[in-house]
Amino acid sequence: MVKLTKIYTRTGDEGLTGLSDFSRTRKTDPRIEAYADVDEANSAIGVAVALAHGEFDAETLALLSQIQNDLFDLGADLSNPLNEHYEYEPLRVDAIWIDALEEAIDKYNKQLEKLDSFILPGGSGLAAGLHLARTVVRRAERATWHAIEKYGTDPAKKGNNNGGVSVLAAKYL
0 MVKLTKIYTR TGDEGLTGLS DFSRTRKTDP RIEAYADVDE ANSAIGVAVA
50 LAHGEFDAET LALLSQIQND LFDLGADLSN PLNEHYEYEP LRVDAIWIDA
100 LEEAIDKYNK QLEKLDSFIL PGGSGLAAGL HLARTVVRRA ERATWHAIEK
150 YGTDPAKKGN NNGGVSVLAA KYL
């Protein structure tokens, strides 16, 4: 577990921030925007889980917890610049993660009735929270694609699938 001794560093006061390789970049860099949106998506899912109050079974809670952990990993992936040689191999989103998420989406989707129209977000606090998480995940996906277009990393499919899980969970409720 990461231990933070203080919550501010004053190293970003000039509009720069650090990437995981200790290089510095503008706070408006697409990678920073992408992993900030991924962090917000993670928090939005956390709010929905907190609103659940026992409405999710253990399997669904475990899936959402796994997604939250994967979103931390996605943020780490986005914050780690592409290099030809690494001292330590960076964490990267991989096909195994995406396949597992798609499998979960398919499983939950089979349990639902077919939709004839879009779902109006709301219904309950939990469903509304999940819809909010879905929209934040979609924004994170767009920001991630922007970073990919500029830097060539490829974790966006993971963001797209996380949004799919959020909408399915909201539909399910």
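First residue of the sequence shown: 0, per numbering that gives the first Met the number 0; consecutive thereafter.
Ideal Cβ placement from N, Cα and C applies to all residues, glycine included.
Predicted, not measured: the structure shown is a model, and the values here were computed from it.
Of all C-beta pairs linking the stretch 50-62 to the stretch 70-78, fewer than three are shorter than 8 Å, placing the two stretches out of contact. By the neighbour-count definition (other C-beta atoms within 10 Å, threshold 16), residue 114 is an exposed residue. Judged by DSSP in its simplified three-state form, residue 24 adopts strand. Rounded to whole angstroms, the separation of the alpha carbons of residue 4 and residue 142 is 30 Å. With fewer than 16 neighbouring CB atoms inside 10 Å of its own CB, residue 94 falls in the exposed class.
Straight through space, the alpha carbons of residue 41 and residue 137 are spaced by roughly 12 Å.
Per DSSP, residue 16 is not a residue of any alpha helix (DSSP H); the beta strand (DSSP E) it occupies stretches across 15-17. DSSP, read as helix, strand or coil, puts residue 42 in helix. By the criterion of a C-beta distance shorter than 8 Å, residue 64 is surrounded in its chain by 48, once the five residues flanking it on both sides are discounted.
Exposure of residue 151 is indicated by the presence of fewer than 16 other C-beta atoms within 10 angstroms of its C-beta.
Rounded to the nearest whole angstrom, the C-alpha separation of residue 35 and residue 112 is 34 Å. Going by C-alpha positions, residue 27 is about 30 Å away from residue 127.
Taking each of 104, 21 and 25 in turn and checking the Cα distance to residue 12, the smallest one comes out for 25.
Burial is judged here by how many other beta carbons sit within 10 angstroms of a residue's own beta carbon; residue 133 has at least 16 and is buried. Nearest neighbour of residue 146 by Cα position, chosen from 96, 124, 131 and 37, turns out to be 37.
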